[in-house]
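A short worksheet on the structure shown next.
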Amino acid sequence: MEVKQFQAESKKLLNMMINSIYTHKEIFLRELISNASDAIDKIYYKTLSEDTLVFNKEDYYIKIRVDKENRTLTIRDTGIGMTKDELEENLGVIAKSGSFDFKEGNELKDGHDIIGQFGVGFYSSFMVAQKVTVISKSIGSDEAYKWESEGVEGYSIEPATKGDVGTEITLKLKENSEDENYDEYLEQYRLKAIIKRYSDFIRYPIKMDITGSRPKEGAEGEYEDYTEEQTINSMVPIWRKNKNELTDEDYENFYNEKHYGFDKPIKHIHISVDGAVSYNAILYIPESIPFDYYTKEFKKGLELYSSGVLIMEKCEDLLPDYFSFVKGLVDSDDLTLNISREVLQHDRQLKLIAKNIKNKIKNELINILKNSREEYEKFYKSFGRQLKYGIYSDYGSHKEDIQDLILFYSSKEKKMVTLKEYVERMPEDQKYIYYAAGESIERIDKLPQTEIVAEKGYEILYFTEDVDEFAIRMVSVYEEKEFKSVSSEDLGFETEDSTSTEEKEENKDLFEYMKEVLKDQVKEVKISKRLKNHPVCLTNEGDLTIEMEKTLNAMPT
Ligand code: ADP
Ligand code: MG
């Protein structure tokens with residue numbers, strides 16, 4: 128038996144691995160399974176180039192086994208295996224990736240699924256294991272070798288016996304301590320959950336012997352224990368399937384499986400892009416608001432996969448805030464990952480994907496708005512406010528993306544309309560887009576200021592949410608039309624002057640008296656030309672409307 132020290136650098140790195148690179152210990156399983164999948168891929172690529180070999184799909188799998196008594200967890204694969212030298216090179220030198228070299232050597236560039244690249248994933252097993260034993264037999268070799276290590280101190284290599292080609296990795300789990308429980312990695316439900324979470328779309332079966340109890344056939348009320356080998360992962364991700372093969376129901380089921388929400392999404396978007404950056408994505412536009420949507424607790428984001436392996440549960444960078452309601456995932460082989468494969472480098476590829484996705488969502492929403500108005504209004508009820516916040520925030524820099532997606536209640540139609548619809552039917556003499564702000568539709572209906580505008584035959588948009596007026600300020604001009612509050616001093620059209628100078632003189636004392644009583648609450652009391660059926664109304668001279676002032680005053684300072 129040969130006993131070797133890790134290289135000095137490797138020691139340091141190994142310590143770092145164990146203590147700080149990963150935030151979740153459970154990912155050790157993702158890493159070992161990814162390696163097993165890579166090893167099978169390598170055989171697959173070999174069979175492509177060597178006529179004597181055939182790739183018989185049934186022969187290739189990954190098997191997870193638990194031995195509770197001995198507290199061991201074993202991951203076995205029928206992949207390419209490692210020779211003695213490869214065991215030394217790949218496992219004895221940290222940051223040495225046989226998989227990366229394989230990709231380079233075989234010039235496998237894009238479109239290929241080998242996951243490994245940094246040569247550190249394997250060592251994550253030391254986060255949970257006190258001892259790691261690897262027994263491997265390389266393809267085309269009669270000998271098997273055993274590599275064993277208890278961590279930082281070094282490793283040993285000796286000949287071993289193993290029937291089939293492939294690799295078997297056994298982790299002797301650490302003892303439980305006060306704040307760490309390692310026994311959980313011996314529980315089938317826990318292992319199943321980890322596999323489902325991170326490795327569901329590994330293309331080879333990940334098998335486990337599952338024990339349970341089930342109703343006995345033919346014997347009413349009796350149960351029997353059983354053990355059966357099950358494949359845990361679903362293997363082919365729905366987003367890599369052809370759209371034509373999938374039904375609406377498939378997408379809905381996936382939405383449920385993924386626990387994106389309890390509602391039925393109003394739309395799914397399935398994207399497959401092959402280009403500067405290739406990626407697949409499935410996105411959903413939900414119908415109802417998550418309970419915490421308009422709170423600080425809500426976190427936006429899409430799931431991010433790299434070559435079918437989950438990298439991030441909520442990648443925020445993929446969605447702009449104003450589309451934060453979108454659920455779904457993105458899978459790309461072209462991402463630049465960082466070493467822990469947890470967090471991403473903020474790279475060009477990700478930005479490209481995000482931009483692309485944003486446009487797809489926008490177009491889809493416009494589509495729904497055009498073709499299924501009712502559905503859109505349902506959606507808008509839930510998320511319209513977020514869209515309007517989107518225009519308001521960031522100084523309106525993405526108003527172009529959103530302004531055609533917002534709706535307001537209209538005086539003319541007595542229903543929700545878009546800005547486009549408003550502008551298209553404006554009478555020729557109308558200069559502005561008029562709006563009235565108030566607490567509710569009923570309140571605005573009773574506003575004296577709306578009368579004169581309505582009488583003129585002009586449509587009025589009703590702003591009933593705090594954010595409305597602020598958002599519209601950011602839009603500022605829509606199709607060359609400015610917005611105007613019905614309570615602004617100058618309405619932009621001639622109002623017939625029914626008050627003469629005499630009238631003003633006549634009422635002077637009355638106005639002065641009223642101003643005295645109201646004190647600072649009003650700036651001035653004067654005769655109005657715009658009233659029809661109401662005795663009095665409030666107007667404002669400056670830039671802010673009364674409703675905006677109210678909102679601003681209510682804000683915490
Ligand atoms: P990476 O996967 O990024 O290359 P790892 O530390 O996970 O880094 O693995 C190091 C290397 O060890 C791999 O590149 C591969 O050459 C080899 N290896 C690890 N696990 C296996 C396995 N199950 N079968 C064959 N080779 C393996
Ligand atoms: Mg790896």
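Residue numbers (the numbering used here): 128 to 684. Even glycine gets a Cβ: it sits at the ideal position worked out from N, Cα and C. Just so we're clear, the structure is a prediction, and the values are computed from it rather than from any experiment.
- Between the ligand ADP and the CB of G243, the shortest heavy atom gap is smaller than 7 Å.
- Proximity of the segment 631 to 641 to the segment 586 to 603 falls short of the contact definition, fewer than three beta-carbon pairs being nearer than 8 Å.
- Bounds of any alpha helix (DSSP H) do not take in N407; it lies within the beta strand (DSSP E) bounded by 406 to 412.
- Remark: the shortest separation between the CB of S161 and any heavy atom of the ligand MG falls under 7 Å.
- Uninterrupted alpha helix (DSSP H) stretches at least 4 residues long and entirely within the segment 337 to 402 occur at 375 to 384, given in chain order.
- Residues E311 of the same chain have their beta carbon placed closer than 7 Å to that of R317, with the five preceding and five following residues left out of the count.
- Annotation: P332 is outside any beta strand (DSSP E) and is labelled neither H nor E by DSSP.
- Per DSSP, reduced to three states, the secondary structure at R468 is coil, with no helix or strand assignment.
- In the DSSP assignment, V544 falls within the beta strand (DSSP E) that extends over 543 to 545.
- Residue environment analysis places Q530 among the buried positions, since at least 16 neighbouring C-beta atoms fall within 10 angstroms of its C-beta.
- Separation of the CB atoms of P286 and Y188 is rounded to 26 Å, and the pair is thereby denied contact status at 8 Å.
- Remark: the C-beta of F253 is outside contact range of the ligand MG, defined as less than 7 Å to any heavy atom.
- In the displayed model, T174 falls within a helix according to three-state DSSP.
- In this structure, L313 sits near L200, with a CB-CB distance shorter than 8 Å.
- Going by beta carbons, G243 and K223 fall outside the 8 Å limit.
- Take R367, set aside five residues on each side of it, and the residues of its chain with a beta-carbon closer than 7 Å to its own are N407, in chain order.
- Contact between P364 and D458 holds, with the beta-carbon distance rounding to 7 Å and staying under 8 Å.
- A residue is called buried when at least 16 other Cβ atoms come within 10 angstroms of its Cβ; R552 does not meet this threshold and is exposed.
- In this structure, the alpha-carbon of I145 lies about 49 Å from that of I493.
- A residue is called buried once 16 or more other Cβ atoms fall within 10 Å of its Cβ, and H395 is buried on that count.
- Contact check for E609 and Y549: beta-carbon distance about 13 Å, past the 8 Å limit, so the pair fails to qualify.
- Look at E158: its beta carbon is less than 7 Å from one of the heavy atoms in the ligand MG.
- Sequence-distant partners of I599 (beyond 5 residues in either direction) whose C-beta falls short of 6 Å from its own C-beta, in its chain, are F610.
- Contact between M335 and S265 is ruled out by a C-beta separation of about 26 Å, above the 8 Å threshold.
- For M144, the secondary structure class from DSSP, reduced to helix, strand or coil, is helix.
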